[in-house]
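The block underneath contains the structure these notes are about, expressed in structure tokens.
In the numbering used here, the protein residues as written are 167 to 361.
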């Protein structure tokens with residue numbers, strides 16, 4: 167694993183400094199948890215993968231009203247914090263191919279880490295939406311079989327792009343295993359998330 171230039175402690179400080187919206191903050195913590203679980207699955211550096219998940223939307227509060235700037239402002243924030251080019255490139259890769267970000271629409275992801283990041287951060291929305299559909303609104307009530315059905319039902323949580331979630335397969339993880347890894351990871355931090 168290449169050096170990130172940012173420690174977990176620094177990443178937590180950046181999160182507190184730049185992310186005030188509680189929903190965005192939870193999404194980033196959820197992404198961190200899934201990325202840590204994926205690192206474990208691949209025998210990679212869990213802390214480094216976690217930092218990447220945690221910081222992937224560091225500029226969202228600043229850019230949500232101008233999505234063309236999303237991932238672009240991240241570069242400046244991360245560089246000023248000491249991030250390496252490797253960390254910056256990995257983080258902005260989750261915006262590759264998006265029409266809403268003209269500067270990145272012609273770029274393509276090419277590494278397992280990049281595939282996992284975009285798939286993991288997109289999967290958080292599907293899992294949380296599934297939890298909110300439970301009578302008790304708890305992650306612990308979400309069954310894997312139900313999550314698999316909801317993944318196939320494109321009308322459910324329609325804004326969760328299934329093709330982005332499927333990029334996990336480019337890293338060698340079958341979709342069913344990926345859904346299980348993601349669900350287990352979020353259930354493991356359910357108290358922290360309040361679900």
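For every residue, glycine included, the Cβ atom is placed at its ideal position computed from N, Cα and C.
These numbers were taken from a predicted model, which means no experiment stands behind them.
Measure the Cβ-Cβ separation of residue 220 and residue 347 and say whether it is below 8 angstroms. Walking along the chain shown from the start, residue 220 turns up at place 54. Walking along the chain shown from the start, residue 347 turns up at place 181. Not a contact, by the Cβ cut-off of 8 angstroms.
Between the CA atoms of residue 327 and residue 288 - distance to the nearest angstrom: Start at 1 with the first residue of the chain shown, and residue 288 comes out as number 122. Start at 1 with the first residue of the chain shown, and residue 327 comes out as number 161. Cα to Cα, the separation comes out at about 7 angstroms.
Contact set for residue 332: own chain, Cβ-Cβ below 8 angstroms, skip 5 residues either direction: Numbered from its first residue, the chain shown carries residue 332 at position 166. The answer, listed in chain order, is 285, 341.
Relative to the C-alpha of residue 291, which residue among 313, 271, 179, 277 is closest? Numbered from its first residue, the chain shown carries residue 291 at position 125. Measuring C-alpha to C-alpha distances from residue 291 to each of 313, 271, 179, 277 identifies 313 as the nearest.
Using the C-alpha atoms, what's the distance from residue 216 back to residue 361? Taking the chain shown and counting its residues from 1, the one referred to as residue 361 is at position 195. Taking the chain shown and counting its residues from 1, the one referred to as residue 216 is at position 50. Straight through space, the alpha carbons of residue 216 and residue 361 are spaced by roughly 20 angstroms.
By Cβ distance below 6 angstroms, which residues in the same chain neighbour residue 233 in space, the five residues on each side in sequence not counted? Here residue 233 corresponds to residue number 67 of the chain shown, with the count starting at 1. Excluding five sequence positions before and after residue 233, the CB atoms of its chain that fall closer than 6 angstroms to its own CB belong to 266, given in chain order.
Cβ separation of residue 191 and residue 185, assumed to be a contact under 8 angstroms, to the nearest whole Å: Position 25 of the chain shown holds residue 191. Position 19 of the chain shown holds residue 185. The pair is a contact, with the Cβ atoms about 5 angstroms apart (cut-off 8 angstroms).
Taking the alpha carbon of residue 209 as the reference point, which residue from 320, 278, 335 has its own alpha carbon closest? Counting from 1 along the chain shown, the entry for residue 209 is found at position 43. Nearest to residue 209 by alpha-carbon distance, out of 320, 278, 335, is 278.
Secondary structure of residue 187, DSSP reduced to three states: Locating residue 187 in the chain shown gives position 21, where the first residue counts as 1. DSSP, reduced to helix, strand and coil, places residue 187 outside both helices and strands of the structure shown, so it counts as coil.
Burial state of residue 202 (16 or more Cβ within 10 Å): Residue mapping note: residue 202 aligns to position 36 of the chain shown, counting from 1. By the Cβ neighbour-count rule, residue 202 is buried, with 16 or more other Cβ atoms within 10 Å of its own.
Are the CB atoms of residue 322 and residue 295 within a distance shorter than 8 angstroms? Reading the chain shown from its first residue, position 129 is the one you call residue 295. Reading the chain shown from its first residue, position 156 is the one you call residue 322. Taking 8 angstroms as the Cβ cut-off, residue 295 and residue 322 qualify as a contacting pair.
Spatial distance of residue 262 from residue 270 (CA atoms): Against the chain shown, residue 262 aligns to sequence position 96. Against the chain shown, residue 270 aligns to sequence position 104. When the Cα atoms are used, residue 262 and residue 270 turn out to be separated by approximately 5 angstroms.
Secondary structure at residue 281, three-state DSSP: helix, strand or coil? Here the question's residue 281 lines up with position 115 in the chain shown. Helix.
Going straight from the alpha carbon of residue 212 to that of residue 254, what length do you get? For the purposes of this step, residue 212 is taken as residue 46 along the chain shown, with counting starting at 1. For the purposes of this step, residue 254 is taken as residue 88 along the chain shown, with counting starting at 1. When rounded, the distance between both Cα atoms is 18 angstroms.
Give the straight-line distance between the Cα atoms of residue 259 and residue 329, rounded to the nearest whole angstrom. The sequence position of residue 259 within the chain shown is 93, counting from 1. The sequence position of residue 329 within the chain shown is 163, counting from 1. Their Cα atoms are separated by approximately 15 angstroms.
Residue 238 and residue 358 - do their beta-carbons sit closer together than 8 angstroms? Translated into positions along the chain shown, residue 358 becomes position 192. Translated into positions along the chain shown, residue 238 becomes position 72. Contact: no.
Is the Cβ-Cβ distance between residue 297 and residue 305 less than 8 angstroms? As a working note, residue 297 is residue 131 in the chain shown. As a working note, residue 305 is residue 139 in the chain shown. In contact: residue 297 and residue 305 (Cβ atoms closer than 8 angstroms).
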